[in-house]
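Scroll down for the structure; my scribbles are underneath it.
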Amino acid sequence: MASAGTTSPTIKMKNPLPKIPKIELIQGECLEKMRDTPDGSVDLTVTSPPYDNLRTYNGNSDLWGDHVWRAAIQDLYRVTKDDGVVVWVVGDATIKGSETGTSFKQALWAKDCGFNLHDTMIYLKDNPPPVGGSNRYYQAFEYMFIFSKGKPRTFNPIHRARRNKYNDKRTERVKAFTRNKNGDFIKKRVSLTGEVKINNVWKYVVGGGNSVEYGTAHPAGFPDKLAHDHITSWSNEGDTVLDPFMGSGTTGVVCKKLNRNFIGIELDPEYFKIAEKRIMN
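Residue numbering for the sequence shown follows this note's numbering, starting at 2 and increasing by one per position.
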């Protein structure tokens, strides 16, 4: 027992327990369930909505149409914080010899709703399936539209080692990168060592990076690494991330690992059970 006038020693934990992220999984139709999400409460959305008629999604594709994605994007604007970001991963079907262009329509609609088209990124498939018809090249990429509500609050860029193409031993060099409107080169002094920010074309193996047990359980899942790279780029620990088309739960799995709060909504009961098992395990 401590004597009068003295204080008990303070115990300091060398490795305090990490905060457990809040996980909210909701089974139901996204337009209905998103109504319960408060205005301006989401820091980041990482999602991939159904693509035209490319998948049946257990017979649910008939519920998908222009009215759904228009309403979904409009409501995403409502729930996104003023400095938040939406990552919208989409592709297009080819019908009667012509690509639908639905992805472009969605990007333009997002701008009409008030979003900035902050970046148009490419998900390049390292091993694309041989799909594309006999008179066109195989489809090897999807769009990753980055919509922002104002200026993004968070940007944690991914870097890679700089590839030094110069044989001399100087650590800096003046190099021409681009031109002014009049055609003159803009020159700046750059370092030839260290790291450099990567570009906006990201390559992933199709079907790769997901857990073996669940990786093929959903017909259109994207790689864990894709979700990881976007979540780390556009959010910080403790932020809230939403996926209104949760599918097999990839975004939620990565959010839990990265200590982000997660809200996932999935229409199909079978896919919801897969996502719930993946995330909670």
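Even glycine gets a Cβ: it sits at the ideal position worked out from N, Cα and C.
- Sequence-distant Cβ neighbours of proline 22 in its own chain, meaning closer than 7 Å and more than five residues away, are Cys256, Lys257, Asn260, Arg261, Asn262 and Phe263.
- The closest CA to that of glutamine 28, considering only Arg279, Gly239 and Tyr272, is found on Tyr272.
- Our two residues, asparagine 181 and glycine 92, have alpha carbons roughly 34 Å apart in a direct line.
- If you check the CB distance, isoleucine 159 and isoleucine 123 do not come in under 8 Å.
- Contact check for serine 42 against threonine 241 passes: the beta carbons are separated by less than 8 Å.
- Boundaries of the beta strand (DSSP E) harbouring serine 149: 142-149, taken from the DSSP string.
- In its chain, beyond the 5 residues on either side, Arg163 have a beta carbon closer than 7 Å to the beta carbon of glycine 195.
- Nearest neighbour of asparagine 128 by Cα position, chosen from Pro270, Gly85 and Val207, turns out to be Val207.
- Secondary structure at serine 234: helix, using DSSP grouped into helix, strand and coil.
- Beta-bridge partners of glutamate 25 (DSSP): Ile264.
- Excluding five sequence positions before and after valine 47, the CB atoms of its chain that fall closer than 7 Å to its own CB belong to Val88, Ala228, His231, Ile232, Val242, Asp244 and Thr252, given in chain order.
- The beta-carbon separation of leucine 125 and tryptophan 235, rounded to 19 Å, does not stay under the 8 Å limit for a contact.
- Pairing tyrosine 144 with isoleucine 187, the inter-Cα distance amounts to about 30 Å.
- Within the same chain, and ignoring the five residues on either side of aspartate 83 in sequence, the residues whose Cβ sits closer than 8 Å to its Cβ are Gly41, Lys150 and Gly151.
- Under the DSSP definition of a beta bridge, tyrosine 78 lacks any partner.
- The three-state reading of DSSP puts valine 206 in coil, since its state is none of H, G, I, E or B.
- Per DSSP, reduced to three states, the secondary structure at isoleucine 96 is strand.
- In this structure, the straight-line span from the alpha carbon of glycine 98 to that of lysine 112 is close to 28 Å.
- Within the same chain, Cβ atoms closer than 8 Å to the Cβ of isoleucine 280 are found at Ile24, Leu26, Gly250, Gly253, Val254, Lys257, Phe263 and Gly265, the five residues on either side in sequence being excluded.
- Rounded to whole angstroms, the gap between the alpha carbons of tryptophan 70 and glutamine 107 is 8 Å.
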